[in-house]
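A.B. asks: One structure, pasted below without further comment.
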Amino acid sequence: MAIEQFITAVLPQHSRSMYDRYIDAEEKEFEKYTIVSSAQDKRTIRETAQAAVDAQFKVHERIGMRNDDLPFEVDPDMFFALNYEKYNLYFRNHATTTHINRTAGIVMKTFFRNGKEKMKQVKEDVSPAATVTHIANMLEPEVFSRGDIVLPTDPSDPQKKPSINEVVQGYVDLLRTSNCGFLKLRDELGANQYAVNFTKLRHVMKRELLDGLVLDKFGLASCRIVRILCDKGKLDESQVQKYSMLPLKDVRHKLSTLLTSGVVEIQEVPRTTDRAPSRSFHLWYVSLDDCFEGLLVDVYKGIFNLHQRKKEELQRRQRLIDKLSREDVIANMELLGEIDKAELAKMEKIIERLEISKTRLDEMTMILRDF
Numbered sequence: 018m019a020i021e022q023f024i025t026a027v028l029p030q031h032s033r034s035m036y037d038r039y040i041d042a043e044e045k046e047f048e049k050y051t052i053v054s055s056a057q058d059k060r061t062i063r064e065t066a067q068a069a070v071d072a073q074f075k076v077h078e079r080i081g082m083r084n085d086d087l088p089f090e091v092d093p094d095m096f097f098a099l100n101y102e103k104y105n106l107y108f109r110n111h112a113t114t115t116h117i118n119r120t121a122g123i124v125m126k127t128f129f130r131n132g133k134e135k136m137k138q139v140k141e142d143v144s145p146a147a148t149v150t151h152i153a154n155m156l157e158p159e160v161f162s163r164g165d166i167v168l169p170t171d172p173s174d175p176q177k178k179p180s181i182n183e184v185v186q187g188y189v190d191l192l193r194t195s196n197c198g199f200l201k202l203r204d205e206l207g208a209n210q211y212a213v214n215f216t217k218l219r220h221v222m223k224r225e226l227l228d229g230l231v232l233d234k235f236g237l238a239s240c241r242i243v244r245i246l247c248d249k250g251k252l253d254e255s256q257v258q259k260y261s262m263l264p265l266k267d268v269r270h271k272l273s274t275l276l277t278s279g280v281v282e283i284q285e286v287p288r289t290t291d292r293a294p295s296r297s298f299h300l301w302y303v304s305l306d307d308c309f310e311g312l313l314v315d316v317y318k319g320i321f322n323l324h325q326r327k328k329e330e331l332q333r334r335q336r337l338i339d340k341l342s343r344e345d346v347i348a349n350m351e352l353l354g355e356i357d358k359a360e361l362a363k364m365e366k367i368i369e370r371l372e373i374s375k376t377r378l379d380e381m382t383m384i385l386r387d388f
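Add 17 to a position in the sequence shown, counting from 1, and you land on the number used in my numbering.
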């Protein structure tokens, strides 16, 4: 865990956040300039300050590891603490690869492995870039023999098998052109440079949570209306009725229900200067940021309710819990009667379900808040 940086050595300078160190480094760089007159100078100062902070972190990240002889050994005199940012990076990468098939997920994990040393924050917009050739060299040979991707054949030799680079390029093209936009082309860094598009992936994962909530709570037709408004933007009710292919009466009812729940919002656009409602357009739209914040609040409430339910279930069986705490019962569970055993099995089943529900809500919180 120490080698992979899931735990890091605790140092005195860690009492200050990375942002505070960056501010100090930026102030020192500004002191070197008499007059900062251009945007280029400001950008240079910020880049230099960030490089100084990153270099300092690079020096300290292996403290606590004795590398006199490989492999590294943990220094027994050093105190370590959990590196929560590293865990967030791991959970984000794992959540990303669950949306695709196994081989494409292996290609995505290879991109993560390529930029493992450079990815430090979970809020990054893109991963470090890499070429198709570099990714192909990092993959295991058995990946290319799976045959779960169909590539165009060579007209001159239909029996010819595609090369390794062509197979990886096929997966990269699929990931780049997918609706989720897993990869993006970064030509500004050089030819055929690809990187994981974390900005798009965060948005897609949040949209999936929102669509699932609307589908479970309001039904398929309402979910279709929300998706249309998210894709098309602001529409009046006649346009919503046209795209959703639903009766106008049903559209009005569902829009009213969604408006009451805070999923959709309405904007009045006056056609005349008197701003009369009868002579105004009323456009419906979805504010995704507000929906995500509201969904996060609902998740918090759900976690609290589950915690209260667990507490209540344990209080109902306080007599059984007291009996289970006795030393003779701990030594021999056969002392419990049949009724107590049945009640114990029921309690364990209920607590297990509550904990599973809390875990799922924790995953939703991680996507909505941390990613």
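From the three backbone atoms N, C-alpha and C, an ideal C-beta is built for every residue, glycine too.
The model shown is predicted, which means the values in this text are computed figures rather than measured ones.
1) Excluding the 5 residues flanking F129 on each side, which residues of the same chain have their C-beta closer than 6 angstroms to its C-beta?
2) Using the three-state DSSP reduction, which class does N209 fall into: helix, strand or coil?
3) Answer yes if the stretch 332-349 comes into contact with the stretch 302-321, meaning at least three C-beta pairs across the two stretches below 8 angstroms, and no otherwise.
4) Please give me, in chain order, every unbroken run of the alpha helix (DSSP H) with length at least 4 that falls completely inside the stretch 294-339.
5) Need the endpoints of the alpha helix (DSSP H) that R258 sits in, please.
6) Answer yes if the stretch 52-72 comes into contact with the stretch 93-102, meaning at least three C-beta pairs across the two stretches below 8 angstroms, and no otherwise.
7) So L226 and L312 are supposed to be a Cβ contact under 8 angstroms. How far apart are they, rounded?
8) Taking 6 angstroms as the limit between beta carbons, can you name the residues of its chain near V316, skipping five residues before and five after?
9) Let me know if F16 comes out buried or exposed under the rule of 16 or more other beta-carbons within 10 Å of its beta-carbon.
10) What first and last residue would you give for the alpha helix (DSSP H) that runs through T120?
11) Under DSSP, the beta strand (DSSP E) around F14 begins and ends at which residues?
12) Smallest Cα separation from Y188: which of A359, I123 and Q325?
13) Who are the near neighbours of L237 in its chain, counting only those whose CB is closer than 7 angstroms to its CB and skipping five residues on each side?
14) Can you tell me the Cα-Cα spacing of Y260 and I245, whole angstroms?
15) Three Cβ pairs or more, each shorter than 8 angstroms: is that satisfied between the stretch 132-139 and the stretch 192-210?
C.D. replies: Concretely, from the data shown:
1) Hits under 6 angstroms: N110.
2) In the structure shown, N209 sits in coil (DSSP, three-state: anything other than H, G, I, E or B).
3) Of all C-beta pairs linking the stretch 302-321 to the stretch 332-349, fewer than three are shorter than 8 angstroms, placing the two stretches out of contact.
4) Listed in chain order, the complete alpha helix (DSSP H) runs (minimum 4 residues) inside the stretch 294-339 are 305-333.
5) According to the sequence provided, residue 258 is Gln. The question's Arg does not apply to it. Q258 -> alpha helix (DSSP H) spans E254 to S261.
6) The stretch 93-102 is not in contact with the stretch 52-72.
7) Taking 8 angstroms as the upper bound for CB-CB distance, L226 and L312 are in contact here, some 6 angstroms apart.
8) L378, M381 and T382.
9) The structure shown does not extend to residue 16, since the chain spans only 18 to 388, so no value can be given for it.
10) Counting along the chain, the alpha helix (DSSP H) containing T120 begins and ends at R119 to N131.
11) What is shown of the chain runs 18 to 388, which leaves residue 14 out entirely.
12) Answer by Cα proximity: I123.
13) Answer for L237: no residue qualifies.
14) Those two C-alpha atoms are separated by around 7 angstroms.
15) Output reads no: the stretch 192-210 does not touch the stretch 132-139.
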